[in-house]
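Residue numbers (our numbering): -7 to 237.
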């Protein structure tokens, strides 16, 4: 398992939201390109970038910043936020290496086969954001996490596994940005049920101990944004979970 540093961008600046709430934003006085360069210098190969303005508006924004990250660093960039059409995917893949699609995949699941055939399974990551129901079943949240669907995580993963999806980013939304620790039980169940899928765990990472716990779940990547920005994980600890350190 590798650490996957995350940079969330809004109005060309680094921010973090609490549980995806735009009214609960923390602004960080660091340039996104400089931050990406720092992660590359520590040994990161892949960077997860979220275009929050794109997520809110439904079409990609912050293009200058994202293109600068791709151009100035040697990082492979995985981009999410505002990717709502095949044209968005096509354009984004001219300047990043992989795109993350959520609403598009959930609401138009019949498009998945077409998307994979055109763009390749390694260039597409499906984002599935979940809330744990009273019945202990993870249900997929949509529309900026404001709605919880009646579709379980397992039903969608059954479908996507059949379509030979390679990468899935799974977020427990109640833990995102909350520094509550990752939902290790959820990720253990994911990797147990779907061993052929490469999972990215997101939400709740507080420290290096949490990263060690995620190693035991079998996920391929642990995404962290806030814990890195607030230096809850030291540079030496970060290097332990990066491929080029």
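Just so it is clear, CB atoms sit at the ideal spot from N, CA and C, and this is done for glycine as well.
Residue(s) in a DSSP beta bridge with residue i
{"i": "residue 90", "result": "70"}
{"i": "residue 123", "result": "131"}
{"i": "residue 207", "result": "The partner list for residue 207 (beta bridge, DSSP) is empty, contrary to what the question assumes."}
{"i": "residue 118", "result": "93 and 160"}
{"i": "residue 191", "result": "160"}
{"i": "residue 174", "result": "Paired residues: none, contrary to the question."}
{"i": "residue 38", "result": "68"}
{"i": "residue 140", "result": "133"}
{"i": "residue 18", "result": "8"}
{"i": "residue 226", "result": "Beta-bridge pairing links residue 226 to no other residue."}
CB contact flag (residue i, residue j, <8 Å)
{"i": "residue 120", "j": "residue 132", "result": "yes"}
{"i": "residue 190", "j": "residue 154", "result": "no"}
{"i": "residue 116", "j": "residue 107", "result": "yes"}
{"i": "residue 125", "j": "residue 167", "result": "no"}
{"i": "residue -1", "j": "residue 44", "result": "no"}
{"i": "residue 64", "j": "residue 86", "result": "no"}
{"i": "residue 39", "j": "residue 67", "result": "yes"}
{"i": "residue 104", "j": "residue 92", "result": "no"}
{"i": "residue 46", "j": "residue 73", "result": "yes"}
{"i": "residue 96", "j": "residue 84", "result": "no"}
Status (buried if at least 16 other CB within 10 Å, exposed otherwise) for residue i
{"i": "residue 209", "result": "buried"}
{"i": "residue 217", "result": "buried"}
{"i": "residue 55", "result": "exposed"}
{"i": "residue 90", "result": "buried"}
{"i": "residue 270", "result": "One cannot answer for residue 270 here, as it falls past the ends of the chain, which runs -7 to 237."}
{"i": "residue 247", "result": "With the chain running from -7 to 237 in the structure shown, residue 247 is simply not present."}
{"i": "residue 80", "result": "buried"}
{"i": "residue 207", "result": "exposed"}
{"i": "residue 102", "result": "exposed"}
{"i": "residue 22", "result": "exposed"}
Minimum C-alpha distance to residue i - residue among the options
{"i": "residue 178", "options": "94, 171, 27 and 165", "result": "165"}
{"i": "residue 42", "options": "79, 88 and 182", "result": "88"}
{"i": "residue -4", "options": "2, 37 and 78", "result": "37"}
{"i": "residue 143", "options": "123, 156, 234 and 51", "result": "123"}
{"i": "residue 26", "options": "183, 228 and 221", "result": "221"}
{"i": "residue 18", "options": "163, 169 and 204", "result": "169"}
{"i": "residue 225", "options": "150, 202, 212 and 207", "result": "202"}
{"i": "residue 212", "options": "228, 13 and 186", "result": "186"}
{"i": "residue 50", "options": "16, 20, 22 and 94", "result": "94"}
Between the CA atoms of residue j and residue i - distance to the nearest angstrom
{"i": "residue 53", "j": "residue 8", "result": "17 Å"}
{"i": "residue 215", "j": "residue -7", "result": "11 Å"}
{"i": "residue 77", "j": "residue 134", "result": "16 Å"}
{"i": "residue 34", "j": "residue 61", "result": "15 Å"}
{"i": "residue 199", "j": "residue 31", "result": "16 Å"}
{"i": "residue 127", "j": "residue 57", "result": "42 Å"}
{"i": "residue 171", "j": "residue 100", "result": "32 Å"}
{"i": "residue 152", "j": "residue 113", "result": "11 Å"}
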